[in-house]
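If you're matching them up, the sequences are chains A and B in order. Residue numbers for the first sequence follow our numbering, so the first one is 1 and each next one is one higher. Residue numbers for the second sequence follow our numbering, so the first one is 377 and each next one is one higher. Quick reminder that beta carbons are idealized off the backbone N, C-alpha and C, glycines included. Report on the structure given below.
Number of protein chains: 2
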Amino acid sequence: MWGYFHILERDTHTKARLGRLVTRRGIIETPVFMPVATAGSIKAVPPEVVTGLGTRVILANTYHLYLRPGLEIIRQSGGLHSFMNWQRVILTDSGGFQVYSLAQFRKIQEEGVHFKSHIDGSEHLLTPELALEIQEVLNSDIRMVLDVCIPYPCDRKKAKELTALTHRWAERSKNFWEKRENKGALLFGIAQGGMFEDLRRESARVIVEMDFDGYAVGGLSVGEPRDLMLEMLSATLSAFPEDRPRYLMGVGTPEDILEAVAMGVDMFDCVLPTRNARRGTIFTSEGKLSIRNAPFKNDFRPLDPNCQCYTCRNYTRAYLRHLFISGELLVYYLLTVHNLYFYLKLMAKIRKAIAEGRFMEFKADFYQRKEEILCG
Amino acid sequence: MWGYFHILERDTHTKARLGRLVTRRGIIETPVFMPVATAGSIKAVPPEVVTGLGTRVILANTYHLYLRPGLEIIRQSGGLHSFMNWQRVILTDSGGFQVYSLAQFRKIQEEGVHFKSHIDGSEHLLTPELALEIQEVLNSDIRMVLDVCIPYPCDRKKAKELTALTHRWAERSKNFWEKRENKGALLFGIAQGGMFEDLRRESARVIVEMDFDGYAVGGLSVGEPRDLMLEMLSATLSAFPEDRPRYLMGVGTPEDILEAVAMGVDMFDCVLPTRNARRGTIFTSEGKLSIRNAPFKNDFRPLDPNCQCYTCRNYTRAYLRHLFISGELLVYYLLTVHNLYFYLKLMAKIRKAIAEGRFMEFKADFYQRKEEILCG
């Protein structure tokens, strides 16, 4: 069994932990951030550059790849790794969240979820078993069970009902998984529970009882206030075991990540660094900035004076603004490299701080004096 | 004087020559192809990747950079090289061709050309002196005099008149240039003459008499038939001296380049490899292909089985088609890398063939058995 999770250090003041997740395609140090390769590429940036930034694991979307290019193409390619020329670890989601957020139509039944493709309107039925079969073809290293993402807001009765369905689907997933040859791939369960603390704890307990290789917190960042998100996260984590990796799906901002790490989360994915880059929004040690802003027209400093990324070492804000305003494609590459570097460097600093027993100071500093913390 | 041009080999059967152009920023082996960085970037690809393909010199557009970001920004950046992070040679055009092809309005007078920006409609007057002043701020290594691009078709009287104006502007350019400190940059003259052989020869003679560091053939590829283009090229070249570099502006296809090399041209620029890449049109040793084509859906071969570029070594047609259809930005990077490699490799093969005294066979083979020639 390759799926082995070791906790190397525990922070004494928070629940943060430094871990090592051993997968069949290499070791991942946690807490880790996973850049998002929605349709089989990290948008605008080739794989070597992504690995050059220190990326160990990326997330790809089952929903997108299932609809386009479709399973047959990826099967004939020998799986997603060779299709997209990515040698390191791939985690795939189950498609449940994209069915919730993207599909033109969604009808949840006991069997699975009926939906219409956002691309061509074609009709599909995604079942827990199919979600795993798709991921088997993708041959990802870490796979997720199909869950039901509960809308926000949602009343208690409905949330309870959908959470129960998530549990029945998780059970079916586990049964299906045990009959397949999984070649050392890992399967993670997902806890739901809506915005109700007791349902969250109960869901986590039920999912943990099924014994997955790791546990994810689903259904957060769906529009709820941030405090509520953190409360629900805390309730869920309280019922997760210490000795398995914990994954907070689709979250979030650097601040969200810091809070979640303090609560004991090990894994994150989010489109923010890449999507923001394409929109010209940049993460810096001094906060966010928009490269479109007129004052950058003749600002010959790098995006972030404290950053050592390729883009900051070689280009000025003035140049990047010029490229952005002119619609020059190179700018998406340059800004994506910077934002991914920012996120990956943040995670490296978090891990270092935990290892050195100063995570709480690091976190406090991040809020108080961003400019000093992320330098070097 | 850095601008020194050596002819190393002459083909015995054609007028092709292998040369070495020594510039203040490095040596360029000719015949050479210059990728186009219109607005200060090779679209979609960072500079190191462009140099990694063997690029020694790129072309940037004076017209575009003058309008956006404007001279002040580039002056404050310390010139175009540092603005765009390009260490090798930059050739800039004079802006004349873009005023002809892009501006909303163009009125040619003795003093210069009045035009309205295609970006914001602002009015400008580009004179021969201003064209050189702009290029001085850009601090390009090879600069072009302002000429008048003659439309096609154009009657003899008008062509003669506009060619005479080009000559007066060249004279003014030369006078202006001699009063400036040029720090080893080179200045090339441009011959016009419309589609009239005698005017072409006469224009070349007049321009050569002014003694520039190199000579360009302007006003071709403006809509005329290919045979006519080659005739006019031949007439112009017949009056150019042997011992200066000869530049055919804005041309062209691989076939055009082969013919022009055979006629003694040393330098080329063209948007074809980069623009075609963005439209999904790929150059291969077996001809052009469009990556959108349905049969590529499950074609797991590289773009060109005979190509050793990064893209062909790592990606299949099926993957590239998937990215293109999905609008994934990475595809512009990957296809641009391939097409530029194709052009640069073609030039390297041309130089090798001239050096080895077998250019004529190479050229004949290119037409007859493309698939064998460009391999390895």
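With DSSP collapsed to three states, give me the class of residue i.
i      : result
B:H754 : With chain B running from 377 to 752 in the structure shown, residue 754 of chain B is simply not present.
B:G402 : strand
A:I282 : strand
B:I726 : helix
A:V261 : helix
A:T316 : coil
A:L18  : strand
A:E361 : helix
A:Y66  : helix
B:H490 : strand
A:D11  : coil
B:A413 : coil
B:Y743 : helix
A:E123 : strand
A:A355 : helix
A:R75  : helix
A:R56  : coil
B:V421 : coil
A:V32  : strand
B:Y528 : coil
A:N182 : coil
Less than 7 Å between CB atoms is the rule here; does residue i satisfy it with respect to chain A?
i      : result
B:P445 : yes
B:I466 : no
B:A653 : no
B:N674 : yes
B:L706 : yes
B:S666 : no
B:N690 : yes
B:S549 : no
B:S417 : yes
B:Y439 : no
So the alpha helix (DSSP H) residue i belongs to, where does it begin and stop?
i      : result
B:V582 : 573 to 585
A:I90  : Not the alpha helix (DSSP H): A:I90 falls in the beta strand (DSSP E), residues 89 to 92.
A:L80  : 80 to 84
B:R602 : 602 to 614
A:D168 : Note on residue identity: the sequence assigns Arg, not Asp, to residue 168 of chain A. Note, A:R168: alpha helix (DSSP H), 156 to 179.
B:G565 : First-last for B:G565: 562 to 567, but that is the beta strand (DSSP E), not the alpha helix (DSSP H).
B:A507 : 504 to 514
A:G96  : 96 to 101
Within 10 angstroms of its Cβ, does residue i collect 16 or more other Cβ (buried), or is it exposed?
i      : result
B:L384 : exposed
A:Y247 : buried
A:N293 : exposed
A:K95  : Note that residue 95 of chain A corresponds to Gly in the displayed sequence, not to Lys. Buried, by the Cβ-count rule.
B:R532 : exposed
A:L125 : exposed
A:I291 : buried
B:D589 : buried
B:K483 : exposed
B:L722 : buried
A:P47  : buried
B:E578 : buried
B:L648 : buried
B:Q485 : exposed
A:P254 : buried
A:S221 : buried
B:H543 : buried
Could one say the Cβ of residue i lies closer than 7 Å to chain B's Cβ atoms, at least one of them?
i      : result
A:A44  : yes
A:F83  : yes
A:H124 : no
A:H322 : yes
A:I74  : no
A:A103 : no
A:A60  : no
By DSSP's criteria, residue i is part of a beta bridge. Which residues make up the other side?
i      : result
B:Y623 : B:A592, B:M643
B:L699 : Beta-bridge pairing links B:L699 to no other residue.
B:G599 : DSSP output for B:G599 lists no bridge partner at all.
Specify, as a first and last residue, the run of the beta strand (DSSP E) that residue i falls within.
i      : result
A:K288 : 287 to 290
B:F481 : 481 to 484
A:I142 : 142 to 144
Examine the ligand MG and report whether any of its heavy atoms sits within less than 6 Å of the Cβ of residue i.
i     : result
A:A16 : As far as ligands go, the structure on display features none, and thus does not contain the ligand MG.
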